[in-house]
Amino acid sequence: MLRRKPVLKEKPCFFGQAFFFKEMFRVIKIIDVHCHLTFKEYDTDREQVIADAKQVLNGVVVSGVEPEDAKKALELAALHENFVFVTLGLHPIHVEERTDQEIERYVEFISEHKRRIVGIGEIGLDYHWVRDPLKLKRTKEVFVEFLELAKELNVPAVLHLRGTGSEAIEEGLKIVSDEDVKKAVFHCFTGKPSVAETICEEGYYISLPASIMRSKSMRKVAKRIPLSRLLTETDAPYLSPDEEAPRNVPQNVKVVYEEIARQKKSDVETVNEEIGHNFERLFGVKLS
Ligand SMILES: [Zn+2]
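For the sequence shown, the positions run 878 to 1165 when our numbering is used.
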């Protein structure tokens, strides 16, 4: 059946529209501070996904999780300068499969490419996948090694802290604090609001994902902590807010802005503006 085109009741005023868009772009600095566009889930349509993301976003941060992924992330950033930014790290679940020598070589590789990255991560602790005490001990040592690299390069650390309750988060917080790390973001924060407050008091940032739609505790975090400490992400291809579309995409980050605005009883423009500033302040990047 043919669908009739909707008829515009009023002719749009071109100058009015142009003004509207200009105003809109002046304030919009929507960003996804953590995603994995290098992953195989995008192998068939990566460029289209990025083209779609560019319609809505001002930038995305792709986090490299291991050496091969790191190379892909840098290649992607070279293709999309000033849109795809990169952080490089060794995800805790990838520590086990690497020898000390391989890790050393990878650390050197990152140092050599320091001008092309905006942070170190993701790095951290994962009590969900890594439980064996010996493996955990090594994971922590490697975590500290990468925190030292972040300090040396003077870039923020992007932290993955996952485990039963707030245990991994609290331990991770103690480690970054003891290591005197000045700049860090707790990516995909799933901890208690009280822990989020402590993190902010220590001067670190909290990044909330699109799964905030399904999480009462994340909404509480958004409400309680200052807007000046919040960041927004998707962790795409994971954590899709849409059950019908299990592969997440960066533009879904807009639901996080909307939810933060709701929790703060503010408007999306104010939230955009502030989070854009937070991003620029933490990662030392000027959004175009
Ligand atoms: Zn991630």
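Cβ atoms here follow ideal geometry from the backbone N, Cα and C, with glycine treated the same way. Bear in mind the structure is a predicted one, so any value in this text is a computation, not a measurement.
Meets three-Cβ-pair contact criterion under 8 Å: the stretch 1121-1140 and the stretch 949-967: These segments do not touch.
R1091 - DSSP class collapsed to helix/strand/coil: As a working mapping, residue 1091 is identified with position 214 in the sequence shown. Looking at R1091 - three-state DSSP - the assignment turns out to be helix.
Among the candidates P1127, G1040, V1035, G966, whose CA atom is the shortest distance from the CA of K1069? For the purposes of this step, residue 1069 is taken as residue 192 along the sequence shown, with counting starting at 1. If we check each option's Cα against that of K1069, G1040 comes out closest.
Cβ-heavy atom distance, E999 to ligand 1, below 7 Å: By 1-based counting over the sequence shown, the position of residue 999 is 122. Yes; taking the cut-off as 7 Å, the Cβ of E999 has a heavy atom of ligand 1 nearer than that.
Between the C-alpha atoms of L1002 and N1129, what's the straight-line distance to the nearest angstrom? What you label residue 1002 is simply residue 125 of the sequence shown in a count that begins at 1. What you label residue 1129 is simply residue 252 of the sequence shown in a count that begins at 1. The alpha-carbon atoms of L1002 and N1129 are separated by roughly 26 Å.
State the Cα-Cα distance for the pair E952 and I997, rounded to the nearest angstrom. Here residue 952 refers to the residue found at position 75 of the sequence shown. Here residue 997 refers to the residue found at position 120 of the sequence shown. A direct Cα-to-Cα measurement between E952 and I997 gives close to 17 Å.
Could you give the DSSP three-state label for A1073: helix, strand or coil? As a first step, residue 1073 is located in the sequence shown; it is residue number 196 there, counting from the start. In this structure, DSSP gives A1073 a helical state, which the three-state scheme calls helix.
CB of V995 within 8 Å of CB of G1161, strictly: Counting from one through the sequence shown, the residue named residue 995 turns up at place 118. Counting from one through the sequence shown, the residue named residue 1161 turns up at place 284. Closer than 8 Å, so yes.
Exposed unless 16 or more other CB atoms sit within 10 angstroms - verdict on R903: Residue numbering aside, residue 903 sits at position 26 when the sequence shown is read from its first letter. Since pLDDT at R903 reaches only 47, below the 50 mark, its modelled position is unreliable, and no value is offered.
Considering only heavy atoms of ligand 2, does any lie closer than 7 Å to the CB of S1088? Here the bound small molecules are ligand 1; ligand 2 is not part of this structure.
Quick one: what's T1109 bridged to in DSSP? Against the sequence shown, residue 1109 aligns to sequence position 232. T1109 has L1085 as its beta-bridge partners, per DSSP.
Closer than 7 Å by C-beta to V1019: which residues in its own chain qualify, once you throw out the five before and the five after it? Chain order, please. In the sequence shown, counting from the first residue as 1, residue 1019 sits at position 142. If we look at V1019 and ignore the five residues flanking it on each side, its Cβ neighbours are L967, V972, I980.
Can you tell me which of H1064, Q932, R975 puts its alpha carbon nearest to the alpha carbon of L1038? For the purposes of this step, residue 1038 is taken as the residue at position 161 of the sequence shown. Of the candidates H1064, Q932, R975, the one whose C-alpha sits nearest the C-alpha of L1038 is H1064.
Looking only at C-alpha atoms, which of I1083, V926, E985, K1059 sits nearest to A947? On the sequence shown, residue 947 is found 70 positions in, with the first residue counted as 1. Among I1083, V926, E985, K1059, the Cα nearest to that of A947 is on E985.
Enumerate in chain order the residues of its own chain whose CB-to-CB distance from K1012 is below 7 Å, with the five nearest sequence positions on each side excluded. For this step, residue 1012 is matched to residue 135 along the sequence shown. Around K1012: E973.
Would you mind sorting F898 into buried or exposed? The rule is 16 or more other CB atoms within 10 Å of its CB. Within the sequence shown, numbered from 1, the residue matching residue 898 stands at position 21. Summary for F898: the model assigns pLDDT 46, below 50, so the residue's position carries little reliability; its value from the coordinates is reported in the next sentence. F898 counts as exposed, since fewer than 16 other C-beta atoms from the protein chains shown sit within 10 angstroms of its C-beta.
Who are the Cβ neighbours of A928 in its own chain at under 6 Å, not counting the five residues just before and after it? What you label residue 928 is simply residue 51 of the sequence shown in a count that begins at 1. Take A928, set aside five residues on each side of it, and no residue of its chain has a beta-carbon closer than 6 Å to its own.
Indicate whether V942 and T964 have their beta-carbon atoms separated by less than 8 Å. Translated into positions along the sequence shown, residue 942 becomes position 65. Translated into positions along the sequence shown, residue 964 becomes position 87. Taking the C-beta atoms as reference points, T964 is found no nearer than 8 Å to V942.
If I follow the unbroken alpha helix (DSSP H) through A947, where does it start and stop? The count along the sequence shown starts at 1 and reaches residue 947 at position 70. 944-956 is the span of the alpha helix (DSSP H), which, as asked, contains A947.
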